Amino acid sequence: MKKLSCKDLSLDFECDFTANGGDGAELVDKMFAHLQSDHPEEMGDMPEEDRGKLMKKMLSKVK
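Numbering of the sequence shown is given in the numbering used here, commencing with residue -11 and proceeding in unit increments.
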């Protein structure tokens, strides 16, 4: 089973969340939902270009 965590993404905030799932798309969906619900300020301050880079980084980690 694949996993993806905030630490895998080298984000600037402390978080021990780890998404577990079967495929990459499911993990990215879970992680993005986590980021929006648990880190709304950090995500709100993130420029759109950086969000795109974050999504690409998530996808590269779960391949």
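For glycine and all other residues, C-beta sits at the position ideal for the given N, C-alpha and C.
Being a predicted model, the structure only gives us computed values, none of them experimental.
Contact annotation, K45 with L15: C-beta distance approximately 12 Å; criterion of less than 8 Å not satisfied. For G9, the uninterrupted beta strand (DSSP E) segment begins and ends at 6 to 9. Burial check for A7: the Cβ neighbour count within 10 Å reaches 16 or more, so the residue is buried. Following the DSSP letters along the chain, one finds S48 inside the alpha helix (DSSP H) bounded by residues 36 to 49. Cβ contact annotation for H22 (same chain, cutoff 6 Å, sequence separation greater than five): F5, in chain order.
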